[in-house]
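Working notes for the structure below.
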Amino acid sequence: MEQERTRPSVVKLKEEKEKELREIEQRMNDLLGELEMMEQLPADEALTYEEILDAQKENQMEDGEVEEEEDQTKIIEEETKEFLGENPSEVDQKKLFLIKTVADRVKVWSRKGLANKEEKQRLLTAIPRKNDEINLEAPKLNEEISVSLTQKALIKDGFFKEYQDLSGAALSAASIALSMILNDKKQPLERESLLDNLGGTVRLLCELFYQLTNARKLFIMGRYNDNIQKVAKNTESTSLLFGDEFKAILENAKSMEKAVKDLKPKNNNYNNYRPPLSQNNYNTANNNNNALNWKSSPSNRGGRGSYKNQQPYNRLGNSRSSNSSSSSYHRTYPARRFYTQSQPYQQRRR
1 MEQERTRPSV VKLKEEKEKE LREIEQRMND LLGELEMMEQ LPADEALTYE EILDAQKENQ
61 MEDGEVEEEE DQTKIIEEET KEFLGENPSE VDQKKLFLIK TVADRVKVWS RKGLANKEEK
121 QRLLTAIPRK NDEINLEAPK LNEEISVSLT QKALIKDGFF KEYQDLSGAA LSAASIALSM
181 ILNDKKQPLE RESLLDNLGG TVRLLCELFY QLTNARKLFI MGRYNDNIQK VAKNTESTSL
241 LFGDEFKAIL ENAKSMEKAV KDLKPKNNNY NNYRPPLSQN NYNTANNNNN ALNWKSSPSN
301 RGGRGSYKNQ QPYNRLGNSR SSNSSSSSYH RTYPARRFYT QSQPYQQRRR
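Numbered by the UniProt record's numbering, the letters in the sequence shown go through residues 1 to 350 in order.
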């Protein structure tokens, strides 16, 4: 009887020991796995703070401390989000997700615009943009203002008006789609109509995005010469306004311009060519000058005949025959004798 009473206790004890043995074996397997992982790491590598915490959590699993810490951390995160908002580091990591068929179209339209310009006009005409309370059409310019503007200002205003028409039509189409979704309880959704409005919104906004990119280019290119403008105008925008390869394209254009300039022939102006002055030409020129002096009158050439017509020299600078104030500003000097006379006249006096 006594042996039968002790048997259940022995069986129970045996089961407990077997359970402990299994736990020890599991723990040994875990330790062996950690040792194998550590053997693959360099001997001088330091463990990070997260790795140490992970090791401590594994040791605290039996006491339930890990679950309590996780709950406490979750509560702290919820309170922080409530009073401080979203974590900015997590918000920046969000990426745009589009299916391939949509992404391919948006990529091309945003960089090159709508290929068919008639499609843009059709969308602007088909989408309603005003009712009795709302008007999403671009306002027209007052006639009193338009008559006083220059042609350049009118052209610039025309571009702004087109931007407003595109944004107004896209806003109208998006508002129609949103109204259909919110009113689905009263009126069932029409899938084709909903997709048509959303598709029109995407196309119009892509065209607007493309035109605003070109507007930025034109605003900046106006500061540079024509050659740089031609190069910059044909570049395709990426994450950079003038593309990733703009520096290489610009250097290539400058090299080409220099090569073309070197190939141009020199501009020799043969019409303005004058032969060098020879000794015969020099003598002929002197003879012509002497002949002109010979034919002129003595009074024009100076000398005695001309001196008698001049005012007498006054040391104080005043004229004897005139008391005008203007004569004080002009001093007259007698010509030297025979200084301006021509050679034939001097020989005749001798």
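The beta-carbon is built from N, C-alpha and C at its ideal position, and this holds for glycine as well.
How about Leu98 and Val106: do their beta carbons lie closer than 9 Å? yes
Q) Can you tell which of Leu250, Tyr210 and Leu212 has its C-alpha closest to the C-alpha of Tyr224? A) Leu250
Exercise for review: Spell out the partners DSSP gives Lys130 in its beta bridges.
Suggested key: Asn135
Helix, strand or coil for Leu149? Go by DSSP, reduced to three states.
coil
For this session: Using the Cα positions of Leu195 and Ala253, report the straight-line distance between them to the nearest angstrom.
Result: Between Leu195 and Ala253, the alpha-carbon positions lie close to 46 Å from each other.
>> Please report the distance separating the alpha-carbon of Asp262 from that of Tyr163.
In response: 45 Å
Out of curiosity, what's the CA-to-CA distance linking Ala215 and Lys233?
Here the alpha carbons of Lys233 and Ala215 stand approximately 11 Å from one another.
Could you tell me whether the Cβ atoms of Leu141 and Asp165 are closer together than 9 Å? Not a contact, by the Cβ cut-off of 9 Å.
Problem set entry | Among Lys264, Glu118, Ala173 and Leu218, nearest to Glu137 - alpha-carbon criterion | Ala173
_Delimiting residues of the alpha helix (DSSP H) encompassing Arg105_ = Lys100 to Lys112
- Check each candidate in Gly33, Phe83, Asp104 and Ser167 and name the one with the smallest Cα separation from residue 355. Residue 355 is absent from the model: the chain starts at 1 and stops at 350.
Integer-rounded CB distance, given that Met180 should sit under 8 Å from Leu171: Incorrect: roughly 15 Å between the Cβ atoms, too far for contact.
| field | Three-state secondary structure (DSSP) of Glu245 | value | coil
query: Span of the alpha helix (DSSP H) holding Tyr210?
result: Arg191 to Met221
**OP:** Compute the distance between the beta-carbons of Ile220 and Leu241, then report whether it is under 9 Å.
**Re:** yes
(Q) For the alpha helix (DSSP H) containing Ala232, name the first residue and the last one. (A) Asp226 to Lys233
- [ ] With DSSP collapsed to three states, give me the class of Gln164.
- [x] Here DSSP, grouped into helix, strand and coil, assigns Gln164 to helix.
**Asked** Short check: CB of Ile134 to CB of Ala169, under 9 Å?
**Response** no
* Through-space distance from Met37 to Glu70, alpha-carbon basis -> 26 Å
Shortest alpha-carbon distance to Leu112 belongs to which of Ser9, Glu245, Leu208 and Ile228? The sequence shown places Lys at residue 112, not Leu. Closest option to Lys112, Cα to Cα, is Leu208.
| said: I need the straight-line Cα distance from Val260 to Lys230, nearest angstrom please. | reply: CA-to-CA, the gap between Val260 and Lys230 works out to about 16 Å.
> Under the three-state reduction of DSSP, which class applies to Ser9: helix, strand or coil?
Replying inline: Reduced to three states, the DSSP call for Ser9 is helix.
Q: Could you check how far apart the C-beta atoms of Leu123 and Leu204 are, in whole angstroms? I think they sit under 8 Å.
A: 6 Å
ask   = Cα separation between Lys81 and Leu182?
value = 29 Å
> On the three-state DSSP scale, how would you describe Asp262?
Replying inline: DSSP places Asp262 in helix when its eight states are reduced to three.
> When we look at the beta-carbon of Gly222 and count the other beta-carbons within 10 Å, is it buried (16 or more) or exposed?
Replying inline: exposed
Going straight from the alpha carbon of Ile76 to that of Lys94, what length do you get? 23 Å
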